[in-house]
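Under this note's numbering, the first residue of the sequence shown is numbered 669, with each subsequent residue one higher.
No residue lacks a Cβ here, since even glycine has one placed at the ideal position from N, Cα and C.
Here the structure is laid out as structure tokens; the discussion comes afterwards.
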Amino acid sequence: MSASYKPALLRAIVECVQRNRIENGRILLVDLAEQFLGMYWTQTVVFRFRHSPRTAAQPEIVQRMSEVADATGIRQADLLPAMVRTKLVTQLSRVLTINVLQAFHTSKPVQMSPLYSWEKEDDSIEVSVESEQFIRANAEALKLIANYYWARFLTRLNASPRLIDKIERDKPRRAALHGVAAAMVARGETMCFYCGVNVGPLNRIHVDHFIPWTFVFEDKPWNLVAACEPCNLKKADTLPAEPYLQRLIELNRRRWSLNENRTSFMAAGVNPEEQLKELYGLALSAEWPAGWAAVVP
């Protein structure tokens with residue numbers, strides 16, 4: 669059993685109780701599987717976390733997610749067709765019955781009561797009144813514990829920035845970058861960074877994270893460039909080819925020459941050039957999809 673299944677199951681149970689997906693003391697396995705889908709899809713497809721040192725030995729849940737994402741080309745779980753989602757949830761429910769539910773309590777202290785009970789062939793787990801009350805009273809603390817153990821496990825396998833923040837979010841959302849686009853226009857950055865076509869006026873500029881947002885998980889100004897819509901869509905969350913890195917370093921040096929940008933560029937004493945190189949190298953070492961290049965018109 670994957671070491672990530674236990675914290676995932678704890679979080680899933682807590683989420684089901686908090687969302688009142690419990691009836692007469694029972695939580696359906698399909699409801700637990702829905703929670704697993706949300707958590708593992710984000711980790712596997714969006715953030716590309718490894719759950720095993722060997723690519724060929726990823727846990728079954730991770731393999732199922734990767735297969736569906738590759739077959740459909742879909743990156744957001746919310747966009748999965750109903751039939752595909754239902755089939756995936758059914759597969760995840762089956763995985764839960766293979767050792768996961770039985771193994772959850774193997775390391776609990778002897779004096780501690782089980783959080784739930786489950787019998788083979790049952791399509792739900794049973795949560796006692798006392799356990800439900802305990803979960804409701806300590807929900808946030810339990811999720812914090814689950815996230816801590818999950819992060820400790822994943823940190824050994826992934827060189828990923830802000831890993832804990834990523835684990836805590838099942839549906840990560842990016843901040844709007846309209847102000848950044850306006851600042852780019854004001855600085856004269858109206859050509860696509862990748863292919864060089866004119867992307868002005870303002871409403872045609874796409875603000876792109878040079879090192880993908882799904883890897884860096886923040887909006888540092890020295891990692892943002894103006895892009896045309898075709899380049900932004902084709903690049904998606906891949907890493908640009910290395911020659912673009914030097915191009916961005918040179919662009920940031922020109923930006924640095926503008927006094928009004930120094931505060932944001934040097935926030936917290938960070939050297940943007942060094943951090944950009946470090947993050948680019950980190951993404952490569954994590955085997956992030958790389959080498960994208962624009963088609964120059």
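Find the nearest neighbour of residue i within the set the options, judged by alpha-carbon distance.
i, options, result
"A827", "W956, L678 and L677", "W956"
"F802", "V763, L697 and I681", "I681"
"N815", "T765, V963 and L678", "L678"
"R922", "G847, P940 and L822", "P940"
"R732", "F885, W881, A962 and Y708", "Y708"
"K945", "A961, P911, Q711 and T754", "P911"
"F821", "V752, R718 and D790", "R718"
"A844", "N920, E886, A961 and L747", "E886"
"N920", "L700, M852 and R689", "M852"
"V768", "N688, L700 and C860", "L700"
"E897", "L870, L747 and R689", "L870"
"Q744", "I813, E808, L705 and K755", "L705"
"I690", "Y784, E808, Q759 and D876", "Y784"
"C860", "R716, R915 and A954", "R915"
"A854", "D838, R842, I873 and A951", "I873"
"D746", "V884, V713, S781 and A676", "V713"
"F883", "T774, P840, K811 and V848", "P840"
"V763", "H773, K788 and G741", "K788"
"E728", "V778, D738 and I766", "I766"
"K888", "R842, E857 and S925", "R842"
"R722", "Q759, L913, A750 and R824", "R824"
"K811", "E683, P880 and V736", "E683"
"S953", "I695, E794 and R716", "R716"
Which residues does DSSP pair with residue i in a beta bridge?
i, result
"N866", "M859"
"S792", "L696"
"E836", "Paired residue(s): none; E836 is not in a bridge."
"E691", "R694"
For the alpha helix (DSSP H) holding residue i, just list the boundary residues, first then last.
i, result
"R872", "No alpha helix (DSSP H) holds R872; DSSP gives it neither H nor E."
"G741", "Per DSSP, G741 belongs to no alpha helix (DSSP H) and is neither H nor E."
"E787", "It is not in any alpha helix (DSSP H) - E787 carries neither H nor E in the DSSP assignment."
"P675", "Y673 to Q686"
"V752", "A750 to V763"
"K823", "The residue asked about is misnamed: residue 823 is Thr in this sequence, not Lys. Unbroken alpha helix (DSSP H) run through T823: A807 to T823."
"H846", "H846 to A854"
Identify the continuous beta strand (DSSP E) that holds residue i and give its terminal residues.
i, result
"S781", "Taken as a continuous stretch (DSSP letters only), S781 belongs to no beta strand (DSSP E), as it is neither H nor E."
"G959", "A958 to W960"
"I695", "R694 to L696"
List the whole-angstrom C-beta distance separating residue i from residue j, where the pair is believed to meet the contact cut-off of C-beta under 8 angstroms.
i, j, result
"V757", "E836", "Not really, about 23 angstroms apart at Cβ, beyond 8 angstroms."
"W786", "S672", "With 8 angstroms as the limit, W786 and S672 do not qualify as a contact, their Cβ atoms being about 19 angstroms apart."
"F878", "N891", "5 angstroms"
"L697", "S796", "Not a contact, Cβ separation roughly 18 angstroms."
"A904", "A961", "Contact doesn't hold; Cβ gap of about 13 angstroms is too wide."
"G868", "V964", "Not really, about 18 angstroms apart at Cβ, beyond 8 angstroms."
"V875", "A894", "7 angstroms"
"V685", "E800", "6 angstroms"
"P829", "L947", "7 angstroms"
request  = Let me know the beta strand (DSSP E) ranges lying completely inside the segment 877–948, each 3 residues or longer, listed in chain order.
outcome  = 892–895
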